[in-house]
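The sequence shown stops at residue 892 when you use the numbering used here, and every number in between is there. The block underneath contains the structure these notes are about, expressed in C-alpha cells.
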Amino acid sequence: MPADDISGFIALVTFITVLTIFGTIGRLWILRRRPRTPAVNISDAAFVLFTVLMIATAGIAFDVIWQELRIRQDFGDEAIPDMLFTEGYLKEFLAISLFCTSQVWLLKAAFLGYYWSLRDSLRKRIKVLLYSVSVYCLVTYIGVLSFQLSYCRPLATNWSIGSDRCIPTLTVPGMILQQWTNITSDIMVLVVPLFTISSLNLGRRDLYALAIVVAIGTLSIAASVVRFTQVYYVVMHADNSIEAIRRTLVWAVIEKLFAFTAFCLPCLRVFYRKRHSTSGSLQVEKKTSFSTSSRSNSCTSGGGSR
587 MPADDISGFI ALVTFITVLT IFGTIGRLWI LRRRPRTPAV NISDAAFVLF TVLMIATAGI
647 AFDVIWQELR IRQDFGDEAI PDMLFTEGYL KEFLAISLFC TSQVWLLKAA FLGYYWSLRD
707 SLRKRIKVLL YSVSVYCLVT YIGVLSFQLS YCRPLATNWS IGSDRCIPTL TVPGMILQQW
767 TNITSDIMVL VVPLFTISSL NLGRRDLYAL AIVVAIGTLS IAASVVRFTQ VYYVVMHADN
827 SIEAIRRTLV WAVIEKLFAF TAFCLPCLRV FYRKRHSTSG SLQVEKKTSF STSSRSNSCT
887 SGGGSR
C-alpha cells in the first residue's frame, strides 16, 4: 500500500508540475500582445513566481520521496520514523510549507491583479470590494507567513530531532490560522468576479465561460476544506506519520490544480477568438482573391471577344 501511495503522489505532483510549466508558457504567449499596465505586470509576475515555486516544491518533494524509498528498500517500513525524520528532512518540510503558503496566495494575487486592470470600468462599490479583498489577502499572507517563521522559537526547533521539535503548521493555532484565512480569502477572491459581471458588457458565451471558471474555483475551495479536515486529523490525533502528512499535501496539490486551471481557462477564450478571427480573415481574403480573379478573367475574355 505505501508503494501505491508513493506512486500516486509522484504521478500527481509530476502532472501538476508539467501542467503548470506548459500552462504558464501558453498563457503568456497567448496574451503577449495585450496592453501592459502595472496591474497586468503584477498579475503576470505573481503567476510566474507561482510556477517557479511549484517547480521548486516538486523538486524538494521528489528528494524526500527518494530518501523514503531508499530507507524502505534498505531497512524496511519500520525504520521510516527513526531514519527519515532528520534535520535535513524537517528543513525540507518547512520549505515546502512556506512554498505552499506562498503559492496559494500568489494565485490570489494573480487573480486580483487581473481585476485591478479592469478597475476603470468597475462601479465604485465594486472597486471598494476589490480594494478590500486585496488588502485582506495581503494582510493574511503576511500574517500566515510571519506565524510560520516566528511561532516556534528558536527557529531551529522546526527541524529539531529532539523532544523540543515544533512544526507550526501542525499545531492547533497554525491549523486554524492558515486554513481559515486561506478558505475565507478564496471565497472573497471568488466573489469579486461575481460582482464584476454586472459592470461589464458580456455576451452569453462569456457568461458561460465565467460560470465554468467560477465552478472550478469553487472546487478549489472544496479541496481547501478537505485539506483542512486532513490537517485537523493529523493535529488532533498527533498523527505525524509520513502517510498522514502526505495526504495533506495531496489535497494541497489538488487545491492548486483547480485554482491554476481556473486562472488559465479565460486565456483559451482569447486564443479561440484569435484563431476564429484569423480563419475568418483568411476566408474573406480567399473570397476577395477569387472574386478579383473571376473579374479579371471575365475582363480578359471580354477583351478577346472584341
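Idealized CB from N, CA, C, for every residue including glycine.
Residue burial classification, residue i (beta-carbon count within 10 angstroms, cutoff 16)
i	result
Asn768	buried
Ala665	exposed
Ala597	exposed
Asn627	exposed
Thr815	exposed
Thr603	buried
Gly594	exposed
Ile728	exposed
Nearest-angstrom Cβ-Cβ length linking residue i and residue j, presumed shorter than 8 Å
i	j	result
Phe844	Ile802	5 Å
Leu776	Val800	6 Å
Thr687	Val725	Not a contact, Cβ separation roughly 14 Å.
Coil, strand or helix - residue i by DSSP
i	result
Thr643	helix
Thr726	helix
Gly699	helix
Gly612	helix
Cys738	coil
Thr743	helix
Thr672	coil
Pro621	coil
Arg709	coil
Leu704	coil
Gly662	coil
N- and C-terminal bounds of the alpha helix (DSSP H) containing residue i
i	result
Ser827	First-last for Ser827: undefined, no H or E at that position.
Pro667	666-669
Pro754	No alpha helix (DSSP H) contains Pro754, which DSSP labels as neither H nor E.
Gly803	790-822
Residue i versus residue j: straight-line alpha-carbon distance, rounded
i	j	result
Val778	Leu716	7 Å
Leu617	Gly609	12 Å
Phe876	Arg613	Its pLDDT being 35, under 50, Phe876 is placed unreliably by the model, and the measurement read from it follows with that caveat. Approximately 37 Å between the Cα atoms of the pair.
Thr770	Ile807	9 Å
Phe633	Thr600	19 Å
Lys713	Trp691	20 Å
Ser746	Glu673	6 Å
Leu655	Asp649	10 Å
Arg622	Asp630	10 Å
Met640	Thr606	8 Å
Phe846	Gln765	19 Å
Leu851	Gln689	18 Å
Ile651	Glu829	11 Å
Gly699	Trp615	18 Å
Gly662	Cys752	27 Å
Val839	Arg833	10 Å
Ala647	Ile592	11 Å
Phe849	Ala696	8 Å
Gly789	Thr643	40 Å
Met761	Phe733	11 Å
Any non-hydrogen atom of the ligand NAP closer than 7 Å to residue i Cβ
i	result
Gln734	With respect to the ligand NAP, the structure shown offers nothing to examine, as it has no ligands at all.
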